[in-house]
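Chains as they are written, first to last, in this note's numbering: chain W, 1131 to 1465; chain V, 1131 to 1465.
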């Protein structure tokens, strides 16, 4: 275990100087997948903008960068609650995000904004309909913003605000920049599975093979995507998922797929997270018994301590990326 | 005039092969400027997320790319109504956006999401307060989505939906992808000037010299930014602005600054745009009389015909970018 950690640290040290070199991109850009049109009479309550008309919603914004002559599979980075694709970009304290690091390591990288979040449109028509008295007040969609004090414990910076877990690797000196990443979350206004899930399926098919890397609220999405259709999904990395598939449920969709479920530190002391880790352990056990290729990795159990829930932004974020890149190299079939 | 057009077309033809070459980036990333904390008891109406707490709003998301050893000034690309920074990325029909093209032409390029839009957080607390009966119904914030039928004329694809102006250069065959770019607009819920304006001022100072390139709803923002403080603003390019500064107002902030106001085609026949162009002409005249360096350019007047309101996505979008790059080269002082 410790040997593995040292190996990872050594590879990180070797990689470090290359990060200062210019980045060479074969192709970059952005597009949408999914989407459906909606007709409404309450798009607006302002005279300057028509109340009636058609809008498109449920599309998923995707931004991508492809390195020159990529030898590795594309990765798709899927953010969690109350956040956007910004999660994977420059860290709050100004270090390189996974969006660029995976490209530098040879993986075409696709960063999404969940449906109804960030650059993926939400639908305001019910809110306006309530305002105009056409819809009852209690039907106002349950949009929300996560308060920083409550989010503190959810992100496991400490057991409660403003306590800090000993050895915490999240760059809390830059927390102001982190809180700016949080946006209004419309997920509770959407059906289950979240329309992000079929959009991920469409993206996976379009890419003809991608590793879906999800986080927290979106942790379950790759599994739900595989349950729709396994086509295009080369593997799943679920980071600190809000839930894993039920161990007693239908495991077939995940059977021929390399899966990694990853957790950071301090989980056992977190009432929100300990039961989720337990369920994921049961899922991984059930998969193992059934002959699947699912690995559950809790970082402190291999000697990597101090990781928060936002481990892609923690001080050792590139060490963890290296660990995942090595896992992909070893476990996920090439194209 | 025609000679100038031919020159531009010729330079475009020469540049075209280079666009297929890999892009070399010295540095890329994202960050926020601005922002203030808000305490609220109505952040959420869901049991899973606390109602009380602190959020940060009014920050502006910025994504940037810097070419190797840049010899040219940074440009800041500011989108318009109901859109996000996606405006400047890959066009609906899959061509290179200005975000990458300006980088290839040597300009460090900063793309923002307006405050309360896209990846820049909005504040849902008043909506939730109304839902909980703590705030009267008529205080529901006037958020809106622009319907596609009404937007058709605003974007000047034609005089009315679904008529098409003859010679239209917007790639209407890809209009579905374009409509997906539109998001909920919270601008009418914000004070004047929009908090994006002080955030742009902070960004300009941080960059120590940038050309603010705005569009439509944000057309006036660079002027409002200069009225706050001219520091860091090397020049202004206002594309099809919703408004220009009043010609009878205080022109001092704009006096020592190269300014270009740009309009596309079909403006005279557009009831929404003709008066705006007229006001901008009056502003440019007043600036000229006062000795300022303000140019108003209406593309058909130099022989470039067929441009919609979304000219950064029209078929000749790179030709127009070349025209602006040449204007910057000639008119804006180097660092």
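The beta-carbon is built from N, C-alpha and C at its ideal position, and this holds for glycine as well. As the structure is a computational prediction, the values presented were derived from the model and not from experiment.
Assumed close pair residue 1381(V), residue 1427(V) - CB separation to whole angstroms, cut-off 8 Å: In the second chain, residue 1381(V) corresponds to position 251, counting from 1. In the second chain, residue 1427(V) corresponds to position 297, counting from 1. That pair is no contact at about 19 Å.
Per the DSSP calculation, residue 1197(W) is bridged to which residue(s)? By one-based count along the first chain, residue 1197(W) stands at place 67. Beta-bridge pairing links residue 1197(W) to 1155(W).
With H, G and I counted as helix, E and B as strand and the rest as coil, what does DSSP make of residue 1246(V)? Here residue 1246(V) refers to the residue found at position 116 of the second chain. Coil, per DSSP.
Extent of the continuous beta strand (DSSP E) to which residue 1289(W) belongs: As a working mapping, residue 1289(W) is identified with position 159 in the first chain. Where residue 1289(W) is concerned, there is no enclosing beta strand (DSSP E), given that its DSSP letter is neither H nor E.
Give the DSSP-derived three-state secondary structure of residue 1182(V) in the structure shown. As a first step, residue 1182(V) is located in the second chain; it is residue number 52 there, counting from the start. Note: residue 1182(V) maps to coil in three-state DSSP.
Through-space distance from residue 1310(W) to residue 1434(W), alpha-carbon basis: In the first chain, residue 1434(W) corresponds to position 304, counting from 1. In the first chain, residue 1310(W) corresponds to position 180, counting from 1. When rounded, the distance between both Cα atoms is 28 Å.
Is there a Cβ of chain W sitting closer than 8 Å to that of residue 1136(V), yes or no? In the second chain, counting from the first residue as 1, residue 1136(V) sits at position 6. In this prediction, residue 1136(V) has a pLDDT of 49, which is less than 50 and means its spatial position is unreliable; what the coordinates show is noted afterwards. It does not: the Cβ of residue 1136(V) has no partner Cβ on chain W nearer than 8 Å.
Counting along the chain, where does the alpha helix (DSSP H) carrying residue 1355(W) start and finish? Stepping through the first chain from its first residue, residue 1355(W) is reached at position 225. Start and end: 1351-1358.
Cross-chain neighbours of residue 1440(V) in chain W, by beta carbon under 8 Å: Translated into positions along the second chain, residue 1440(V) becomes position 310. The premise fails here: residue 1440(V) is roughly 16 Å from chain W at the closest Cβ pair, so nothing lies under 8 Å.
Are residue 1242(W) and residue 1215(W) closer than 8 Å when you measure CB to CB? Stepping through the first chain from its first residue, residue 1242(W) is reached at position 112. Stepping through the first chain from its first residue, residue 1215(W) is reached at position 85. Taking 8 Å as the Cβ cut-off, residue 1242(W) and residue 1215(W) qualify as a contacting pair.
Cβ pair residue 1351(W), residue 1327(W) closer than 8 Å: Counting from one through the first chain, the residue named residue 1351(W) turns up at place 221. Counting from one through the first chain, the residue named residue 1327(W) turns up at place 197. It is a contact, given that the beta carbons lie within the stated cut-off.
Going by the beta-carbon positions, is the gap between residue 1334(V) and residue 1363(V) smaller than 8 Å? Within the second chain, residue 1334(V) is the residue found at index 204, counting from 1. Within the second chain, residue 1363(V) is the residue found at index 233, counting from 1. Yes, these two residues count as a Cβ contact at 8 Å.
Just reading off the beta strand (DSSP E) that residue 1333(W) is part of, what are its end residues? For the purposes of this step, residue 1333(W) is identified with residue 203 of the first chain, where counting begins at 1. Per DSSP, residue 1333(W) belongs to no beta strand (DSSP E); it is in the alpha helix (DSSP H), 1326-1337.
Please classify residue 1188(W): does DSSP put it in a helix, a strand, or coil? To locate residue 1188(W), count along the first chain from 1; it is residue 58. The answer is strand: DSSP assigns residue 1188(W) an E or B state.
Under 8 Å between the Cβ atoms of residue 1252(V) and residue 1186(V)? As a first step, residue 1252(V) must be located in the second chain, where it is residue number 122. As a first step, residue 1186(V) must be located in the second chain, where it is residue number 56. No; because the gap between Cβ atoms is not below 8 Å, this pair is not in contact.
What does residue 1205(V) touch in chain W if you count any residue whose Cβ is under 8 Å from its own? Within the second chain, the letter at position 75 stands for residue 1205(V). The premise fails here: residue 1205(V) is roughly 17 Å from chain W at the closest Cβ pair, so nothing lies under 8 Å.
Taking the Cβ atom as the reference point for each residue, do residue 1233(W) and residue 1153(W) lie within a distance shorter than 8 Å? In the first chain, counting from the first residue as 1, residue 1233(W) sits at position 103. In the first chain, counting from the first residue as 1, residue 1153(W) sits at position 23. Yes, these two residues count as a Cβ contact at 8 Å.
Here's a check: name, in chain order, each residue in its chain whose Cβ is nearer than 6 Å to the Cβ of residue 1353(V), leaving out the five neighbours to either side. Mapped onto the second chain, residue 1353(V) falls at position 223. So the list reads 1375, once near-sequence residues are dropped.
Using the beta-carbon count (16 or more within 10 Å), is residue 1453(V) buried or exposed? Position 323 of the second chain, counted from the first residue, corresponds to residue 1453(V). Residue 1453(V) comes out buried.
Among 1156(V), 1150(V), 1303(V) and 1417(V), nearest to residue 1221(V) - alpha-carbon criterion: Stepping through the second chain from its first residue, residue 1221(V) is reached at position 91. Of the candidates 1156(V), 1150(V), 1303(V) and 1417(V), the one whose C-alpha sits nearest the C-alpha of residue 1221(V) is 1303(V).
Using DSSP with H/G/I as helix, E/B as strand and the rest coil, what is residue 1215(V)? Translated into the one-based positions of the second chain, residue 1215(V) becomes position 85. In the structure shown, residue 1215(V) sits in a helix (DSSP, three-state: H, G or I).
Quick check on residue 1406(V): buried or exposed, where buried means 16 or more other Cβ atoms within 10 Å of its Cβ? Against the second chain, residue 1406(V) aligns to sequence position 276. Result: buried.
Would you be able to state if there are at least three C-beta pairs under 8 Å between the stretch 1172-1182 of chain W and the stretch 1269-1276 of chain V? yes
Would you say residue 1231(V) and residue 1448(V) are within 8 Å of each other, going by their C-beta atoms? Position 101 of the second chain, counted from the first residue, corresponds to residue 1231(V). Position 318 of the second chain, counted from the first residue, corresponds to residue 1448(V). Yes.
Give the residues of chain W in contact with residue 1278(V), contact being defined as C-beta atoms less than 9 Å apart. Position 148 of the second chain, counted from the first residue, corresponds to residue 1278(V). Per Cβ cutoff of 9 Å: 1167, 1183, 1184, 1185 and 1186.
Neighbour flag for residue 1174(V) against chain W, beta carbons, 8 Å: Taking the first residue of the second chain as 1, we reach residue 1174(V) at position 44. Yes, contact with chain W.
Pick out whichever of 1297(V), 1343(V) and 1287(V) has its Cα sitting closest to the Cα of residue 1400(V). Residue mapping note: residue 1400(V) aligns to position 270 of the second chain, counting from 1. Checked all of 1297(V), 1343(V) and 1287(V); the closest Cα to residue 1400(V) is 1287(V).
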